[in-house]
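K.L.:
In the numbering used here, the protein residues as written are 172 to 461.
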């Protein structure tokens, strides 16, 4: 086998809470995370004697060590003691960049899965997640995805019962948000409320999509930003179009809505797409067996 193709699935946050700040400067998070079928296509080829590099359909995406996928390849080789080996990583990106959907993290996780096959190393999911946690906070989750509870920096994972099937509409406004800046603003405000994470977990066991959707919450929506009117406008359009719930994912700027009516989801998608180019439809993605 000379190459492996992998799908890198986008992430949404059913809930996102920040529970404190750690001595190391990171924040303690508590999140219900979910992968959806919106994805990047990743092809990995081993290149003996060469440095790892990426090739991407988007010109502004870096193709060197600044790219998490390249870092993932190098971390994998180092962990497995594979010397004098590189990887050529071809990336066809569909997940919006700077959206809070873990596109870069998912690309990195896909590279780890691909190299595990190419190098015939037979690492377990837990072993891949250990390597992933060194690369970035969301990378460990993206190794297997599905529905999981993430805590710590996001690297402590517990599998949850799966989300009920539904339609997902995602819309990213024409701006991105600086994650470090948003955390700095978060530190300066007193959060008004927090998501009912335990309540969402209990509702997953009941498979009650409408109640889950109504409880979705992201504390970063409480952080003042002059562009929040645009995010609020997208949420309103989704709810007016029949979404059971709508919320910003990650640190933004993408917003998603959950629908139990495919026709309503399509109509909302068509309306949003006329104003915001980075709009997509997707479905809930089950956990990947690694």
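Yeah, the Cβ is synthetic: ideal placement off N, Cα and C, and Gly gets one too.
Determine, using beta carbons only, whether residue 426 and residue 452 come nearer to each other than 8 Å.
P.N.:
Their beta carbons are not under 8 Å apart, which means residue 426 does not touch residue 452 by this criterion.
K.L.:
Could you say which of 459, 367, 455, 321 lies nearest to residue 421 if we only look at CA atoms?
P.N.:
The candidate whose alpha carbon is nearest that of residue 421 is 321.
K.L.:
Note down the Cα distance separating residue 362 from residue 251, rounded to an integer number of angstroms.
P.N.:
Their Cα atoms are separated by approximately 43 Å.
K.L.:
Buried or exposed, going by whether 16 or more other CB atoms sit within 10 Å of the CB of residue 417?
P.N.:
Buried.
K.L.:
Take residue 450 and list the residues in its own chain whose beta-carbon comes closer than 8 Å to its own, dropping the five residues that flank it on each side.
P.N.:
The answer, listed in chain order, is 340, 341, 342, 343, 440, 443, 444.
K.L.:
Between the Cα of residue 234 and the Cα atoms of 248, 249, 260, 216, which residue gives the shortest distance?
P.N.:
Nearest C-alpha to residue 234: 260.
K.L.:
What is the rounded straight-line gap between the Cα of residue 178 and the Cα of residue 281?
P.N.:
Answer to the nearest angstrom: the Cα atoms are 7 Å apart.
K.L.:
Do the region 273 to 287 and the region 211 to 219 touch if we need at least three Cβ pairs shorter than 8 Å?
P.N.:
Cβ pair count under 8 Å is three or more, so yes.
K.L.:
If you pair each beta-carbon of the region 229 to 249 with each one of the region 300 to 314, do three or more pairs fall below 8 Å?
P.N.:
In short, these stretches touch, since the Cβ pair count reaches three.
K.L.:
Select from 267, 209, 253 the residue whose C-alpha is nearest the C-alpha of residue 232.
P.N.:
Minimum Cα distance to residue 232 is reached at 267.
K.L.:
Can you have a look at residue 329 and say buried or exposed, based on whether 16 or more other CB atoms are within 10 angstroms of its CB?
P.N.:
Label assigned to residue 329: exposed.
K.L.:
Between which two residues does the beta strand (DSSP E) holding residue 320 run?
P.N.:
Segment 318 to 323, the beta strand (DSSP E) holding residue 320.
K.L.:
By the DSSP assignment, the beta strand (DSSP E) with residue 428 in it spans what residues?
P.N.:
Element bounds for residue 428: 426 to 430.
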